[in-house]
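Which chain is which? The protein sequence lines are Y and D, in order.
Residues 0 to 450, numbered by numbering that gives the first Met the number 0, are exactly what the first sequence covers, in order.
Residues 0 to 450, numbered by numbering that gives the first Met the number 0, are exactly what the second sequence covers, in order.
Below you'll find the structure, written out as structure tokens, and then a few comments.
Protein chains: 2
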Amino acid sequence: MGDVFEETVAEMRDRVTPSPAERRRLETAVAEILERTRQAVEEVDVEADVLQVGSTARDTWLRGDRDIDVFVRFPPSISREELETHGFDIGRTVLPDGEVEHAEHPYVSAEWDGYDIDLVPCVAVASGSDRRTAVDRTPFHNEYVTERLTPELATDVRVLKRFAEAVGVYGSDLRTEGFSGYLTELLVIEYGDFRSVIETAATWQPPVEIDPEDHAAATFSDPLVVIDPTDPRRNVAAVVSAESVARFQHHARALCQDPSTDQFTPVVPAPLDVAGLQSHLDRRDASPYAIRTMAPDVVDDQLYPQLRTTERGIVTALEAHDFEVLRSASFAHETAVWYFELTVDRLPAVARHVGPPVHVAEHAAAFLDRYEDTEEVYGPFIADDRYVVERPRTPRDAASFLRSDAVLDAGLGKDIRRVFDDSYDVLVGTEVTGLIPEFGCELAGFYEPRP
Amino acid sequence: MGDVFEETVAEMRDRVTPSPAERRRLETAVAEILERTRQAVEEVDVEADVLQVGSTARDTWLRGDRDIDVFVRFPPSISREELETHGFDIGRTVLPDGEVEHAEHPYVSAEWDGYDIDLVPCVAVASGSDRRTAVDRTPFHNEYVTERLTPELATDVRVLKRFAEAVGVYGSDLRTEGFSGYLTELLVIEYGDFRSVIETAATWQPPVEIDPEDHAAATFSDPLVVIDPTDPRRNVAAVVSAESVARFQHHARALCQDPSTDQFTPVVPAPLDVAGLQSHLDRRDASPYAIRTMAPDVVDDQLYPQLRTTERGIVTALEAHDFEVLRSASFAHETAVWYFELTVDRLPAVARHVGPPVHVAEHAAAFLDRYEDTEEVYGPFIADDRYVVERPRTPRDAASFLRSDAVLDAGLGKDIRRVFDDSYDVLVGTEVTGLIPEFGCELAGFYEPRP
């Protein structure tokens with residue numbers, strides 16, 4: 000097993016390492032961009048230093064990556080307003096065709112000479128924990144990582160990134176809730192090489208806590224905690240979900256047991272067509288429902304958390320009405336979809352409603368006041384030490400519930416609530432085949448689920 | 000309100016107190032029976048004293064009651080065998096037509112001169128806690144109660160017995176799980192009169208503990224604990240269920256709020272006919288099922304606990320298979336019946352099965368071994384930090400489950416198991432109307448439930 004693992008990793012190292020020509024071309028591009036940025040700083044006549052950051056700066060970029068991140072770092076005396084105007088002026092001077100992107104603060108982004116360039120203003124703070132903008136820590140990360148990554152370790156970071164990507168946990172965006180590049184770098188530095196990361200992850204017992212500088216200054220309830228070496232109050236893995244940790248662990252074990260370059264390639268099931276979907280519906284014989292709206296026009300980091308919040312809210316509301324959910328999912332392209340397979344979608348005309356213990360006099364009296372002499376309820380009667388009634392159930396079927404305003408109170412995300420207010424469709428049973436072709440891939444993932 | 004309460008109780012006192020003629024007739028009968036028993040003791044030539052016990056001895060019998068209980072008390076030196084033979088000989092001498100009844104030990108019972116006579120052997124022990132047979136405590140109870148009950152208190156015991164009977168909680172048999180005569184006597188002695196028992200019970204906060212002699216020598220987890228004044232290790236109310244306590248409390252409050260002699264009369268709904276039952280089935284639109292066997296030929300104290308155990312066992316098994324039970328009941332006459340209204344009786348072809356957390360390596364490996372590469376399951380996949388599969392569900396419908404051998408494993412009582420082994424029927428949906436007319440009363444109680 001040892002040999003095969005090493006051979007596999009060796010093969011992957013070859014595949015992910017940029018070629019010498021690719022590297023030379025990047026270095027030339029970086030040098031030119033840095034030079035032009037420094038000139039722009041002089042032209043705009045402000046005090047600022049210019050530095051390259053990110054994976055191309057740290058030599059942990061994957062073959063084929065074309066990202067160059069350049070920071071313009073202003074002195075701490077700068078105001079937020081100046082940061083934004085100067086940053087914008089410099090960005091536009093260097094990249095006249097650049098677009099302004101709005102993250103926590105604006106920066107300029109452009110394609111240039113085949114590369115994706117981000118030109119980002121930040122503030123020169125004293126340490127990672129003193130940050131004034133969201134990106135002020137990045138230069139410290141850069142420094143910490145470049146000081147510690149040998150070329151061999153850098154290569155193993157590349158292999159780890161490719162592996163995490165293949166198993167669906169690479170990226171700290173809120174859709175993936177996975178591992179950031181910085182996190183993969185810290186793991187390789189901490190454990191010593193790719194193999195050790197994999198073998199250790201295979202035995203993780205969450206919560207896993209790693210504190211490279213042994214300086215944690217806060218506690219965290221996340222399943223994976225990696226204290227930022229440049230900021231003792233930050234968990235670098237805060238965004239990593241329990242599911243991403245579990246998924247990484249599962250595939251780490253699989254790689255140990257059966258090392259193969261196949262494990263570095265994502266498995267993407269073929270999209271389902273209508274017949275394929277129908278055959279799953281028939282085989283499972285559950286009660287499928289979908290709610291479909293136009294997707295709200297927001298960035299993924301806003302969209303996906305809201306999709307999930309909405310999904311959880313509707314599942315909770317369905318189950319509160321005794322419509323048990325077998326499995327649910329949410330997807331978005333042009334439209335946004337919440338998909339529910341119910342165990343049961345039609346219920347009796349009466350529902351059991353358990354009241355207070357008989358001995359709690361005040362509640363008991365209120366319960367009797369409400370239900371005694373009420374024609375439409377059965378009871379009150381006593382079961383164990385409590386009053387019980389069986390009262391008319393509304394709604395009795397899931398479609399009525401999903402079409403009612405009650406769905407709007409199910410804790411929808413705010414942008415989702417807005418599109419629901421416009422209009423939404425409820426697809427019942429075989430009508431869900433109307434989600435093909437838009438969601439053929441997602442439904443294939445739903446009906447061919449993998450770890 | 001006070002006046003109406005007092006007037007109601009005064010009226011009830013009149014109704015439950017035996018007439019002078021009735022009382023004289025009873026006294027004559029008792030005197031004769033005691034005399035004949037003493038002669039029989041002499042004839043059999045054993046040492047034993049003869050005493051009257053029970054409600055007629057304590058003057059707490061209700062008008063119309065015709066029970067005379069006579070104990071033949073042997074010295075402690077007697078062996079179990081002698082107790083039984085001498086008891087039997089004396090009983091047969093006094094009551095030549097008597098039947099031998101088998102409780103914990105045999106005794107002779109007969110109708111004589113319009114009275115129901117029980118002639119019971121017991122052992123003269125030093126105290127209630129030293130008993131050798133189940134009834135050895137009774138003479139101590141008799142002594143304790145007769146020393147303390149004035150004629151006024153005795154009358155209030157009668158009223159309390161009638162009230163408990165009307166609301167369905169009189170009797171320490173295992174069908175009723177209610178209040179014994181001795182318990183009603185102790186409650187009146189403890190609280191002072193009928194009204195105080197009712198007013199105090201209206202505010203009970205179970206567990207309620209009463210210890211008249213302040214000598215409890217054990218702890219109990221029952222909702223009502225009344226330490227036996229003649230045995231510090233015994234709870235006189237041990238058999239009283241939480242439901243009986245709640246029921247008594249409910250009706251005690253109702254009597255306080257609206258005192259009326261009607262509250263001393265049981266409410267018995269008219270038996271349901273087929274049309275009446277069908278109309279409830281239609282209105283509720285649940286999924287009714289019944290299992291029916293021949294009733295096992297055992298006494299009620301053995302039958303009813305087993306009916307309930309069996310009912311609970313089958314409900315648990317149904318719900319373990321996701322067939323939610325809206326309400327259940329069990330009845331017996333010639334046949335025994337378990338009746339279940341289900342919320343849902345047909346389920347999807349797959350069931351969600353949650354496996355171990357991914358990080359628990361050994362269980363995770365076993366789970367994957369079992370389900371990976373298994374055509375018929377969906378998954379394994381990961382949800383939160385756990386493996387999950389969706390696997391074929393059997394049975395998918397409640398009738399299949401109830402007709403399967405799985406029911407036999409559902410913790411049936413032992414005599415019930417025996418009749419199940421002979422044969423049982425499963426009634427599905429409208430077929431339950433076949434329970435009419437045998438269970439018309441019980442089904443009326445089920446569909447017109449009261450506290």
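For every residue, glycine included, the Cβ atom is placed at its ideal position computed from N, Cα and C.
Below 8 Å on the Cβ atoms is my guess for residue i versus residue j; work out the distance and round it to an integer in Å.
i	j	result
D/Ala-163	D/Arg-57	Incorrect: roughly 16 Å between the Cβ atoms, too far for contact.
Y/Arg-246	Y/Val-168	5 Å
D/Val-333	D/Glu-437	The sequence shown places Glu at residue 333 of chain D, rather than the Val named in the question. Right, their Cβ atoms sit about 7 Å apart.
D/Ala-348	D/Pro-391	6 Å
Y/His-358	D/Gln-248	6 Å
Y/His-104	Y/Glu-83	6 Å
D/Arg-395	D/Leu-442	With a Cβ gap of about 28 Å, D/Arg-395 and D/Leu-442 do not count as contacting.
D/Pro-75	D/Val-124	6 Å
I'd like to check one pair, residue j with residue i: are the Cβ atoms closer than 7 Å?
i	j	result
Y/Pro-17	Y/Arg-62	yes
Y/Cys-440	Y/Pro-228	no
D/Val-144	D/Arg-131	no
Y/Pro-222	Y/Ala-237	no
Y/Arg-291	Y/Val-336	yes
Y/Asp-155	Y/Val-187	yes
Y/Val-425	Y/Val-387	no
D/Val-29	D/Ala-47	no
Y/Arg-351	D/Leu-325	yes
Y/Phe-339	Y/Pro-355	no
Y/Thr-309	Y/Gly-412	yes
D/Ala-294	D/Ala-331	yes
D/Ile-226	D/Asp-210	yes
Y/Val-15	Y/Arg-157	yes
Y/Arg-174	Y/Tyr-303	yes
Y/Phe-322	Y/Ala-397	yes
Y/Pro-160	Y/Thr-137	One detail in the question is off: residue 160 of chain Y reads as Lys in this sequence, not Pro. Cβ atoms of Y/Lys-160 and Y/Thr-137: not closer than 7 Å.
Y/Leu-306	Y/Ser-329	yes
D/Ala-133	D/Ala-201	no
Y/Tyr-370	Y/Glu-389	no
D/His-279	D/Tyr-446	yes
Strictly by DSSP, which residues pair up with residue i?
i	result
Y/Tyr-338	Y/Ala-289, Y/Ala-328
Y/Leu-426	Y/Ala-289
Y/Glu-208	Y/Val-224
D/Gln-51	D/Val-69
D/Glu-389	D/Arg-351, D/Tyr-377
D/Ile-116	D/Ile-67, D/Ala-109
D/Tyr-446	Per DSSP, none; premise fails for D/Tyr-446.
D/Cys-440	D/Cys-440 is not bridged to any residue.
Along the chain, where does the alpha helix (DSSP H) that runs through residue i open and close?
i	result
Y/Leu-411	No alpha helix (DSSP H) holds Y/Leu-411; DSSP gives it neither H nor E.
D/His-140	137-147
D/Pro-304	299-319
Y/Phe-73	Looking at the DSSP string, Y/Phe-73 is not in any alpha helix (DSSP H); the run it does join, the beta strand (DSSP E), is 66-73.
Y/Ala-163	150-165
D/Gly-180	180-190
D/Ala-200	193-200
Y/Val-40	19-43
D/Asp-368	360-370
D/Gln-248	241-256
Y/Asp-281	273-283
Kindly examine the ligand NAP and report whether one of its heavy atoms sits closer than 6 Å to the Cβ of residue i.
i	result
Y/Glu-98	Among the components of this structure there are no ligands whatsoever, and the ligand NAP is therefore not found.
Hey, quick one: how far does the beta strand (DSSP E) through residue i stretch, first residue to last?
i	result
Y/Ile-381	377-382
D/Pro-105	105-111
Y/Glu-98	98-101
Y/Pro-231	230-234
D/Ala-397	It is not in any beta strand (DSSP E) - D/Ala-397 instead sits in the alpha helix (DSSP H) that spans 397-402.
Y/His-352	349-356
D/Ile-89	Careful: D/Ile-89 lies outside any beta strand (DSSP E), inside the alpha helix (DSSP H) at 79-93.
Indicate whether the contact test is met: 3 or more Cβ pairs, each with one atom in the stretch 308-324 of chain Y and one in the stretch 422-431 of chain Y, closer than 8 Å. no
Could you say if the stretch 279-286 of chain D and the stretch 412-422 of chain D meet the contact criterion of at least three C-beta pairs nearer than 8 Å?
no
Counting beta carbon pairs with one atom in the stretch 37-53 of chain D and one in the stretch 67-81 of chain D, are three or more of them shorter than 8 Å? yes
query: Counting pairs of beta carbons, one from the stretch 33-49 of chain Y and one from the stretch 78-98 of chain Y, are three or more of them closer than 8 Å?
result: yes
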